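First to last, the protein sequences are chains C, B and V. Using this note's numbering, the letters of the first sequence map in sequence onto residues 1 to 331. Using this note's numbering, the letters of the second sequence map in sequence onto residues 1 to 452. Using this note's numbering, the letters of the third sequence map in sequence onto residues 1 to 285. Structure first, then comments.
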Amino acid sequence: MIEVKAVSTVNNQATAIRKKTGSINYAKWGYIFLIPFFLVYIVFSLVPLVSVFYYSFFENYMSGLTQIGPNFVGFKNYGTLLESNIGKYFGNTILIWVLGFIPQIFISLLLASWFTNLRLRLRATGMFKTIIYLPNLIMASAFAMLFFVLFSDAGPMNDILVHLGILEKPYRFMSEVAGTRGLIIAMNFLLWFGNTTILLMAGIMGIDTSLIEAAEIDGAKPAQVFWLITMPLLKPIFVYVLITSLIGGLQLFDVPQILTNGGGNPDRTSTTLIMLLNNHLYSKNYGLGGALSVMLLVISGVLSFVVYDTLTREQRKQRKERKLQRGGAGR
Amino acid sequence: MNTIKKTLALFLTLAMLVSLAACAPTEEAAAEGDEQGKVLNIYCWNEEFKSRFTDYFETPGLVPDGVEVKFIITPNQDNAYQNALDEALLNQENAAADDKIDIFLIEADYALKYVDTDYALDVVNDIGLTEADLADQYQYTRDIVTDGSGKQKGTTWQATPGLFAYRRSIANDVLGTDDPMKVQEALANWDKFDTVASEAAAKGYKMLSGYDDSFRTFTNNVSQSWVDANNKIVIDPNIMRWVDQTKSYTDKNYNNKTTLWAPEWAADQGPSGKVFGFFYSTWGINFTLLGNSLATPEAEGGKAEVGNGIFGDYAVCQGPENYYWGGTWICAAAGTDNTELVRDIMYTLTCDPATMKQITVDTQDYTNNISAMNELASSDFKSDFLGGQNHIALFAEAAPKIDMSNISPYDQAMTEQFRIAFKDYFDGKVTREQALENFYTAVIEKHPELTK
Amino acid sequence: MNQNDAARLQLRLTRTACYIILILISAMCLFSFYVLIINSTRSHPDIQKGFAFLPGGSFGYNLQNLLANENLPVVKAIFNSLFVSGSTALITTYFSALTAYAIHAYDFRFKRAAFAFIMMIMMVPAQVTALGFVRLIGTFNLMDTFLPLILPSAASPIVFFFMKQYMEATLPIEIVEAARIDGSNEFRTFNLIVLPIMKPAIAVQGIFTFVTAWNNYFVPSLILKSAENKTVPLLIAQLRNADFLKFDMGQVYMMITIAIVPVVIVYLLLSRYIIRGITLGSVKG
């Protein structure tokens, strides 16, 4: 308890010092340390990025090896996209992400808390930690190839399900909307939950154990420790997981592309936004492709901002409350 | 510590400068005249041509001294081959002489995308092959790489005529005969084919394995290309006949609802299969179908002989319509500084009867030389796999009848997207109208210049 | 006493439940590896016809064929991939941490703007800039070299974001203040004091970047041209693209299986750093 208080006071003092002196003495170092990132970014990525914005206002693509355009068309590309089925593809993408993310974050949090739980003292966690990350090591394309074979109409999964009497006749996974989306969600889950678990674990590992020990000495139950100490301190990492998962979800491509052979079947219900982008880029259509990218950027930007702002605001508030409570209890 | 930072910054700056300096336009090497380049760059997507080149051109010592042959292999996955090739072709003018593409390979589905441009050289007027050299090639292999003004801009060592490979045992059960002549008579056109399909179904067999088995046979026999002069997409009636046939086969259980290259499709070709036959071309019969027919694969000590699986139970006939499947064409890139060597390669590998006959003898691949192939066809060649049939004779008969004058530069996207869109219709997931709509959407996404 | 027993029993029950769930999840994860390994022991026609639960007898045959293929320098490709992925992981983690430290530890005028900019570019889908990037590399004359695959990773917004979040959670500024009082200069402080505290984060992101780079196909496929420069995914794609005479799924699966071994080793090496106590030790020491 005493230690906790000490740390937070030091923290406050440090912040105060930083605010007073930091800007005067050390600001230039901030700039210097940013140079490599910005230099590399400007040289290698800024030109392509700026041209994305620029060309979204042009008709600009390749017809075979012949360049068409660029002809300025204003917002026509954006109009074309809005008139097309883009809402449907946005819906597909979000649905697949949400249905995949909920179980993923649940399982990952559960596992991460088990692996780091001092009282539970599970054996062989090293082995389990390794195993859950293994699927991520397989290339997404190879992984989709495996699922394609496993869940084919006469494949082993159908054999097992029919044999056990769960199904009457083989379920044609790749010909059904639920089957195809389900496989994509399952694959994404398997590919990424180990990744998420490790991130959360690293976050938990970074938390000062003395805080947890202190709470335990005070008689806090594991669940209380987790929700009242671990989770709030884990929040920055949790925000990271949520935002990157959201961005990754909006950029979902490999798995559905390979599983459906680029078609997004059935009836384009598993076509994601990036698959659409990929189709446009087939003819190097930087007009429509650029417009789509800009829209995607705006969507992910807005969503991420909302998530970031909501979560960090709550976090700030909670921190304050906790400090007040602790201060009261201490006296 | 500052020094490290500075060194790093310096290093980065230097890297930029060096790269910028290096990209300054190099002097155009004298490609004209007698001066021939020292590096031959070949763009391709797999090792097939490299094997042919090594065995029949390099090993016999035909590569001039001091010339280095470089194969730049970019696999097709994610359209990477065409992306890499396009980037290189568009940059051809600025590239240093030794970095310019000399030869690139293409497939029929997108041949015209390159053939219809100045990036591919005329094999007669620019490269120096003669009309007589080319006369012995099958006409369809020349049509595929002939541009709008009648110039042939590529050449191939392969011809890939397709046949219908059927199971002798099933034909005996359904038709009372396994004789290729009689079976051909029973399958001579699509109406007869449909009749046999219903008879086969009555006996518990499937006529075809999946949705796209007969697709090529229909798309190779269209009376117009996929796109008209106004860039409007046209769907030929013969392609809609495929839709009708496949839908009716699916609803009547005449097929197994598989797709090309799916595990069920390959399994249907093996010992447990109950499918009457498969549309396959040269390579497909000698390699894929043969491999799938065995119970114990050759890699595990199985022998390719009667008694292992259904080896010997297949036979081939021409089927209802002529078609081809596969093939790789060699093109010479504008700007090459190795025209003489390119001519020699094209001549030796695609025009020289002796070499081409040898390729067929060595690899069983069917080659693009009418007289060499006719010679083999009239020999007493027998395929044990096909129950002693001389299938070369059938290939030789079918190949000249293939008509590929109606291809378009868009065939790759068209055929791919059409099959994907109509799979949903056959599966009963969308209406025919919706399938067509999805097809148009997908194709126009890939080729914005086209209209519905 | 009784209460203690009950607590112990409850702990034991919880533990058992944990094990059951962990074993189920592990089985799910290992199953795909089982399929991969089984397929690498089967012959091409067998694989084409579907999956079998029992191994085939073609392991030696597939391995021999794969290694005998002179157009597929497998060993060279693994070294290429190790080099590219290793350098990428080093550069990405180091510079992302540095960039994050700049935003976390200093106050300067354009700090918020810089942060907002990096967050924004994090959302740019990679596909859209890929072809433009390749064209740029062409004009830099860096085609068929490893540099364009490695150097750009110094600007990795996603890794930066993680590092920044991690610092927020674990790096108290008083450590930096203490170092300043001791007379350490800023660059030295970062390298000798901040980086060790960041070890778990660096290990985690090191693994992730390594794996992503290891499995990267699209951009390398457009940049690397000569056979001796190719990385593992390019060889796998090349195997899958083989002509009918050579097309052999047995070799494809063998190659995929082989390609996983080095990544597993790197993972095992790095994951040792994700252990409890580093932060604590550093703060107290």
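Idealized CB from N, CA, C, for every residue including glycine. If you're wondering where the values come from, they're calculated on a predicted model, not measured in any experiment.
Three-state secondary structure assigned by DSSP to residue i
i: Gln-251 (chain V); result: helix
i: Lys-28 (chain C); result: helix
i: Cys-351 (chain B); result: coil
i: Met-240 (chain B); result: helix
i: Glu-27 (chain B); result: With a pLDDT of 37 at Glu-27 (chain B), under the threshold of 50, the modelled position of this residue cannot be trusted; read the value that follows with caution. In this structure, Glu-27 (chain B) counts as coil in the three-state DSSP scheme.
i: Arg-109 (chain V); result: coil
i: Lys-490 (chain B); result: The question about residue 490 (chain B) has no answer here: the residues shown for chain B are numbered 1 through 452.
i: Gln-251 (chain C); result: coil
i: Ile-2 (chain C); result: Confidence at Ile-2 (chain C) is low in this model, with a pLDDT of 36, below 50, so its placement is unreliable and no value can be given for it.
i: Pro-161 (chain B); result: strand
i: Phe-38 (chain C); result: helix
i: Phe-336 (chain C); result: Lying outside 1 to 331, the shown extent of chain C, residue 336 (chain C) is not represented and no answer is given.
Cβ-Cβ separation, residue j to residue i (assumed contact under 8 Å), whole Å
i: Thr-156 (chain B); j: Thr-141 (chain B); result: 5 Å
i: Ser-85 (chain V); j: Met-163 (chain V); result: At roughly 19 Å, the Cβ-Cβ gap does not stay under 8 Å, so Ser-85 (chain V) and Met-163 (chain V) are not in contact.
i: Tyr-280 (chain B); j: Gly-162 (chain B); result: 7 Å
i: Asn-241 (chain V); j: Asn-76 (chain B); result: 5 Å
i: Val-162 (chain C); j: Pro-170 (chain C); result: 6 Å
i: Ile-239 (chain B); j: Lys-452 (chain B); result: About 16 Å; that fails the 8 Å criterion.
Bridge partner(s) assigned by DSSP for residue i
i: Ser-371 (chain B); result: Ser-371 (chain B) is not bridged to any residue.
i: Asn-469 (chain B); result: The requested residue 469 (chain B) is not part of the displayed model; chain B covers only 1 to 452.
i: Val-227 (chain B); result: B:Ile-233
i: Tyr-166 (chain B); result: B:Gly-277, B:Ala-315
i: Lys-453 (chain B); result: As shown, chain B starts at 1 and ends at 452. That puts residue 453 (chain B) outside it, with no answer to give.
i: Thr-66 (chain C); result: C:Ser-63
i: Asn-221 (chain B); result: DSSP, once it has assigned bridges, lists no residue as partnering Asn-221 (chain B).
i: Gln-453 (chain B); result: A question about residue 453 (chain B) goes unanswered here, because the residues of chain B that appear run from 1 up to 452.
i: Trp-329 (chain B); result: B:Ile-106
i: Thr-152 (chain B); result: Position check: residue 152 (chain B) holds Gln in this sequence, whereas Thr was assumed. DSSP lists B:Thr-146 as partners of Gln-152 (chain B).
i: Thr-16 (chain V); result: DSSP, once it has assigned bridges, lists no residue as partnering Thr-16 (chain V).
Where residue i falls, given that 16 or more other Cβ within 10 Å makes a residue buried
i: Tyr-34 (chain V); result: exposed
i: Leu-164 (chain C); result: exposed
i: Ala-262 (chain B); result: buried
i: Asn-338 (chain B); result: buried
i: Val-98 (chain C); result: exposed
i: Met-127 (chain C); result: exposed
i: Gly-176 (chain B); result: exposed
i: Asp-46 (chain V); result: buried
i: Pro-233 (chain V); result: buried
i: Asn-158 (chain C); result: buried
i: Glu-445 (chain B); result: buried
i: Pro-157 (chain V); result: buried
i: Arg-52 (chain B); result: buried
i: Ile-20 (chain V); result: exposed
Proximity test, residue i beta-carbon vs the ligand NAD heavy atom, cut-off 7 Å
i: Ser-209 (chain B); result: By its list of ligands, the structure shown contains no ligand whatsoever, and the ligand NAD lies outside what it can speak to.
Chain D contact for residue i (CB, 8 Å cutoff)
i: Ala-202 (chain B); result: Within the model displayed, chain D is absent; protein chains C, B and V are what it includes.
Task: Where the segment 247-268 of chain C meets chain B: residues whose CB sits under 9 Å from a CB there - done: Here the close residues are Gln-257, Thr-260, Asn-261, Gly-262, Gly-263, Gly-264, Asn-265, Pro-266, Asp-267, Arg-268.
Open item on the list: Which residues of the segment 104-131 of chain V have a Cβ closer than 8 Å to any Cβ of chain B? Give them in chain order.
Closed with: Those residues of the segment 104-131 of chain V that come within reach of chain B (Cβ to Cβ, closer than 8 Å) are Leu-131.
TODO: Please name the residues in the segment 117-150 of chain B whose beta-carbon is closer than 7 Å to at least one beta-carbon of chain C, in chain order.
DONE: Only Thr-117, Tyr-119 from the segment 117-150 of chain B bring a Cβ to less than 7 Å from some Cβ of chain C.
Task: Contact set between the segment 76-107 of chain B and chain V, restricted to residues whose Cβ is under 7 Å from the partner - done: Correct list: Asn-76, Gln-77, Asp-78, Ala-80, Asn-83, Ala-84, Glu-87, Asn-91.
Open item on the list: To be precise: take each residue of the segment 144-169 of chain C, compare its Cβ to all Cβ atoms of chain B, and keep it if any distance is under 7 Å. Which residues remain?
Closed with: Val-149, Ser-152, Asp-153, Ala-154, Gly-155
Open item on the list: Taking beta-carbon pairs under 7 Å, can you tell me which members of the segment 24-55 of chain C lie near chain V?
Closed with: Going along the segment 24-55 of chain C in chain order, one finds Tyr-26, Ala-27, Trp-29, Gly-30, Tyr-31, Phe-33, Leu-34, Pro-36, Phe-37, Val-40, Tyr-41, Phe-44, Ser-45, Val-47, Pro-48, Leu-49, Ser-51, Val-52 with a Cβ nearer than 7 Å to chain V.
Open item on the list: Beta carbons nearer than 9 Å to chain V: which residues of the segment 187-207 of chain C have them?
Closed with: Legend: CB atoms of the segment 187-207 of chain C lying less than 9 Å from CB atoms of chain V belong to residues Leu-190, Phe-193, Gly-194, Asn-195, Ile-198, Leu-199, Met-201, Ala-202, Gly-203, Ile-204, Met-205, Gly-206, Ile-207.
TODO: With 7 Å as the C-beta to C-beta threshold (strictly closer), list the residues of the segment 56-78 of chain V near chain B in chain order.
DONE: Gly-56, Gly-57, Ser-58, Tyr-61, Asn-71
Task: Short-range partners of chain V found in the segment 287-306 of chain B, where Cβ spacing is below 7 Å - done: Phe-287, Thr-288, Gly-291, Asn-292, Leu-294, Pro-297, Ala-299, Glu-300
Open item on the list: Short of 9 Å Cβ to Cβ, which residues in the segment 47-73 of chain B face chain V?
Closed with: Glu-47, Glu-48, Phe-49, Lys-50, Ser-51, Lys-70, Phe-71, Ile-72, Ile-73
Task: chain B contacts made by the segment 242-260 of chain V, where a contact means CB separation under 9 Å - done: Ala-242, Asp-243, Phe-244, Leu-245, Lys-246, Phe-247, Asp-248, Gly-250
Task: Proximal residues, the segment 129-140 of chain C versus chain B, C-beta separation under 9 Å - done: none
Open item on the list: Beta carbons nearer than 7 Å to chain C: which residues of the segment 162-173 of chain V have them?
Closed with: Cβ contacts with chain C: Phe-162, Gln-165, Tyr-166, Glu-168, Ala-169, Thr-170, Pro-172, Ile-173.
TODO: Using a Cβ-Cβ cut-off of less than 8 Å, give me the residues of the segment 130-155 of chain V that come near chain B, in sequence order.
DONE: Leu-131, Val-134, Arg-135, Gly-138, Thr-139, Phe-140, Asn-141, Leu-142, Leu-147, Leu-151
Open item on the list: For the segment 273-287 of chain C, list every residue whose C-beta sits within 7 Å of some C-beta in chain V, in sequence order.
Closed with: Ile-274, Leu-277, Asn-278, Leu-281, Lys-284
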